[in-house]
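S.K.: Take a look at this one; I'll ask things after.
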Amino acid sequence: MNFYIILFAISSILQTVTVTKANPETCFEVLNKYSADEIKKIFDMNLRDTILKKPSSDIFNCFLSKSSNGDISETKQFFEIFKKIEEYKRDHSTPLDNEKLTKLVSMGLPFKLESSLKAKLQQGRKVTLNEVQNMIANEIELHGEYTTYRQHIEKELNEQEVHDKINIIGWIVG
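Written out as structure tokens, the structure is:
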């Protein structure tokens, strides 16, 4: 009988760990350490800063990873592509070339963007990495994950504002 109780306990713990691990809301718990003003700065970031600056980049990456149930979502692929392009830009290699395009395709660049970019390159048109990044940013903004991410940040902001007000009232009264 003790064996079954232990087995049940282990099973319960594993289920709890699995649910916690896959719950994308856990990604936002880090914001509990921030003031409402700091969370507001994160909320007010444009997409580019959200992807490239910490802690927003880490939070968004975590959220994309956990909200896709183990699969890599299209938005997560765009997130990684955006960061790769930023890496190319740091190497001062501004124009897109076939080698970079091949790498981006291997990372999940959608066929419609690949076709459009290949056509421009074949026409001899210089395609800047900023132009490609803007295309990727548009794709990310069209997906629901980005909107949901922002809603979670806004929720945390509202909760922290209430918490801050309660602390101020307590300080005044006390």
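Residues -22 to -1, 1 to 152 in mature numbering (1 follows the signal peptide of the UniProt record, and there is no 0) are what the sequence shown lists, from first letter to last. For each residue, glycine too, the CB sits at the ideal point set by N, CA and C.
1) I'd like the list of long-range same chain contacts for A(-1), defined as Cβ closer than 7 Å, with 5 residues on each side in sequence excluded.
2) Once the 5 residues before and after E132 are set aside, which same chain residues still bring their CB inside 8 Å of it?
3) Below 7 Å CB to CB, which residues in the same chain sit around T53 once its five sequence neighbours on both sides are set aside?
4) What are the boundary residues of the alpha helix (DSSP H) that D69 is part of?
5) Quick one: give me the first and last residue of the alpha helix (DSSP H) that Q111 is part of.
6) CA-CA distance, D36 and I50?
7) Is the distance from the Cβ of H141 to the Cβ of C5 below 9 Å?
8) Rounded to a whole number of angstroms, what is the C-alpha to C-alpha distance between Q101 and S94?
9) Could you give the residue range of the alpha helix (DSSP H) that holds F21?
10) Please state the DSSP three-state secondary structure of L30.
11) Going along the chain, which residues of its own chain have a beta-carbon closer than 8 Å to the beta-carbon of K31, five neighbours each way excluded?
12) Rounding to the nearest angstrom, what Cα-Cα distance links S34 and D27 in this structure?
13) Output the distance between the C-alpha atoms of F89 and K18, rounded to the nearest integer angstrom.
14) Applying the 10 Å Cβ sphere with the 16-neighbour rule, what's the burial state of A14?
15) Closest to K11 by CA distance: which of L135, I144 and E64 is it?
16) Between G86, S84, E109 and E58, which lies nearest to K74 when the distance is taken from Cα to Cα?
17) In this structure, does DSSP put L87 in helix, strand or coil?
M.R.: Taking the definition as stated:
1) K44 and N47
2) F21
3) L42, I118, H121, E123 and Y124
4) First-last for D69: undefined, no H or E at that position.
5) L107 to L120
6) 16 Å
7) no
8) 11 Å
9) A14 to D22
10) helix
11) M23
12) 8 Å
13) 36 Å
14) buried
15) L135
16) Position check: residue 74 holds Leu in this sequence, whereas Lys was assumed. The shortest C-alpha separation from L74 is found at E109.
17) coil
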